[in-house]
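Numbering (the numbering used here), first residue to last: 1474 to 2037.
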């Protein structure tokens, strides 16, 4: 519990009704005396928080920047221009519990103009340097946790400046039991003689799970190098194999028994005993999964290559397969006609390895410190290689035009194809659609006018939420109107967005005459949380109702700072 959380809890106890003064004093005394392990920092407010005390963020599509694939089944990738705290708030409505992999490369807070807080660079002399960074990261990581699916996992790149603090912060946000690994990545092959004491060649990537017991096993695809120790000296019909350990890692008396070889030699149990029971070992000998050494001095366990799904990754990543900062810089220059438009890109090879082990082919990936857009590049490249349909969401501000001129432009060229400075033609990854959004705002006061405006501006968010963008000009022969109702149908699912309740009766008549395989998702304006269920009673088997803006308010309530 940080200092701000403790202060808020003390205030809440002070405001609880029904407590005697003695009971209140006892509770406050226990709280003040209680000791906790972890980080304590001075919470520092952000200007963006002040803004969201008065306004609600929404997403508005910039349609002229959409890159629509001719492949109708192409994954829809999302690029959001705006402060990532604002964008994460909108995603708390559209994607709560739906993100499978988050990768972020936040500012490292080196003091060298890499971290901006409230429009000012944080330098080494700032006495609140670490508190500002922790406040900044804590707000975003707490929302990120809500976005992760039960099987979801987050990877965070960092260096020595904040690695220790970040580990403690993540222990607090995600839980110590959710820690998976600290991956050490060799980001450069070059020794730096200008360093005073050590040439630092490694950075860190912390990995945490939403629920570790739901996380699948991680595997890298096996390479020829991984398989070189597998042989078949005895022509085993099951194929090549390598020898494995037969000793039990822990002592168990029941596993301590002698094995009699075919020539009568007695093979005594190792110190902790065997890995299996006597009955199991006999079965493995019979199936030839266990064989005797030629001189009958021991036994050999076979580990077959055909049984290996992949290779469990180590937590030390180095070599061309994981990329380096030099490789990343070369990639950027190739894409941008030899110009280095971004100083510290991550190699897409690194992100591909993360997605290879942590995602499935239909996962949703999020990067809310998108920078040059490496994560989307990596996602599209991995999809091209393994036939996946992963979707990627990027978030970045547009400081110095980075979103428009770097993040968007890079991935536009990757999708459409480009020519390197050496004249090499790089084919485009055309089986991808990219949609561009900006954050917009609605006044937080819940007047009917503001509620209607919020619903009208939320349609682009609903399209993202449902992954449904194919708007139709008519519904059952009736023309749609932008501020009355809109209809979306991609041949697989349907969505109605109703802005004016006066048309509900007519729409129910139309739905009543429809043959519907899957329920139509209906978002309908309502001044309360009732989505007009009584009005839709006759077609309740054909529709799934949701009242707006109540659903948005409820999602935002867990995220937003208190309204002034």
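From the three backbone atoms N, C-alpha and C, an ideal C-beta is built for every residue, glycine too.
When the options are compared against residue i, the one with the closest alpha-carbon
| i | options | result |
| --- | --- | --- |
| residue 1774 | 1524, 1862, 1784 and 1763 | 1763 |
| residue 2001 | 1828, 1780 and 2019 | 2019 |
| residue 1810 | 1579, 1883 and 1985 | 1883 |
| residue 1630 | 1996, 1580, 1523 and 1609 | 1580 |
| residue 1741 | 1753, 1719 and 1820 | 1719 |
| residue 1721 | 1702, 1738, 1747 and 1697 | 1747 |
| residue 1824 | 1812, 1815, 1793 and 1992 | 1793 |
| residue 1788 | 1628, 1486 and 1571 | 1628 |
| residue 2038 | 1546, 1844 and 1865 | The requested residue 2038 is not part of the displayed model; the chain covers only 1474 to 2037. |
| residue 1641 | 1754, 1749, 1623 and 1514 | 1514 |
| residue 2045 | 1620, 1494 and 1946 | One cannot answer for residue 2045 here, as it falls past the ends of the chain, which runs 1474 to 2037. |
| residue 1957 | 1942, 1945 and 1973 | 1973 |
| residue 1590 | 1567, 2021, 1519 and 1568 | 1519 |
| residue 1961 | 1503, 1949 and 1944 | 1944 |
| residue 1614 | 1598, 1680, 1595 and 1594 | 1680 |
| residue 1586 | 1571, 1575, 1602 and 1576 | 1602 |
| residue 1584 | 1595, 1575 and 1576 | 1595 |
| residue 1610 | 1805, 1485, 1638 and 1535 | 1638 |
Rounded C-alpha distance that separates residue i from residue j
| i | j | result |
| --- | --- | --- |
| residue 1759 | residue 1765 | 11 angstroms |
| residue 1711 | residue 1781 | 13 angstroms |
| residue 1935 | residue 1616 | 19 angstroms |
| residue 1856 | residue 1834 | 7 angstroms |
| residue 2015 | residue 1698 | 56 angstroms |
| residue 1542 | residue 1940 | 15 angstroms |
| residue 1854 | residue 1862 | 11 angstroms |
| residue 1991 | residue 2006 | 18 angstroms |
| residue 1799 | residue 1816 | 11 angstroms |
| residue 1838 | residue 1976 | 38 angstroms |
| residue 1938 | residue 1860 | 24 angstroms |
| residue 1431 | residue 2025 | This structure does not reach residue 1431, given that the chain is present from 1474 up to 2037, and the question cannot be answered. |
| residue 1822 | residue 1969 | 41 angstroms |
| residue 2004 | residue 1994 | 12 angstroms |
| residue 1694 | residue 1827 | 12 angstroms |
| residue 1672 | residue 1570 | 41 angstroms |
| residue 1544 | residue 1864 | 15 angstroms |
| residue 1996 | residue 2023 | 11 angstroms |
Cβ distance (whole Å) where residue i is taken to contact residue j below 8 angstroms
| i | j | result |
| --- | --- | --- |
| residue 1830 | residue 1691 | 4 angstroms |
| residue 1554 | residue 1869 | 7 angstroms |
| residue 1685 | residue 1644 | The Cβ separation is near 13 angstroms, so there is no contact. |
| residue 1606 | residue 1635 | 6 angstroms |
| residue 1526 | residue 2036 | 6 angstroms |
| residue 1683 | residue 1623 | 6 angstroms |
| residue 1715 | residue 1702 | 5 angstroms |
| residue 1879 | residue 1850 | About 12 angstroms; that fails the 8 angstroms criterion. |
| residue 1807 | residue 1894 | 7 angstroms |
| residue 2032 | residue 1562 | 5 angstroms |
| residue 1550 | residue 1905 | 6 angstroms |
Whether residue i touches residue j by CB criterion (8 angstroms)
| i | j | result |
| --- | --- | --- |
| residue 1797 | residue 1661 | yes |
| residue 1998 | residue 1925 | yes |
| residue 1573 | residue 1648 | no |
| residue 1912 | residue 1560 | yes |
| residue 1842 | residue 1582 | no |
| residue 1730 | residue 1756 | no |
| residue 1530 | residue 1914 | yes |
| residue 1819 | residue 1667 | no |
| residue 1552 | residue 1907 | yes |
| residue 1608 | residue 1524 | no |
| residue 1528 | residue 1840 | no |
| residue 1932 | residue 1959 | yes |
| residue 1723 | residue 1708 | no |
| residue 1532 | residue 1909 | no |
| residue 1713 | residue 1704 | yes |
| residue 2008 | residue 1982 | no |
For residue i, the residue or residues it bridges with in DSSP
| i | result |
| --- | --- |
| residue 1590 | 1593 |
| residue 1864 | 1837 |
| residue 1947 | 1952 |
| residue 1549 | 1906 |
| residue 1928 | DSSP output for residue 1928 lists no bridge partner at all. |
| residue 1995 | 1969 and 2018 |
| residue 1717 | 1774 |
| residue 1510 | According to DSSP, residue 1510 bridges with nothing at all. |
| residue 1790 | 1658 |
| residue 1914 | 1530 |
| residue 1898 | 1892 |
| residue 1630 | 1678 |
| residue 2038 | The structure shown does not extend to residue 2038, since the chain is modelled only from 1474 through 2037, so no value can be given for it. |
| residue 1784 | 1693 |
| residue 1747 | 1720 |
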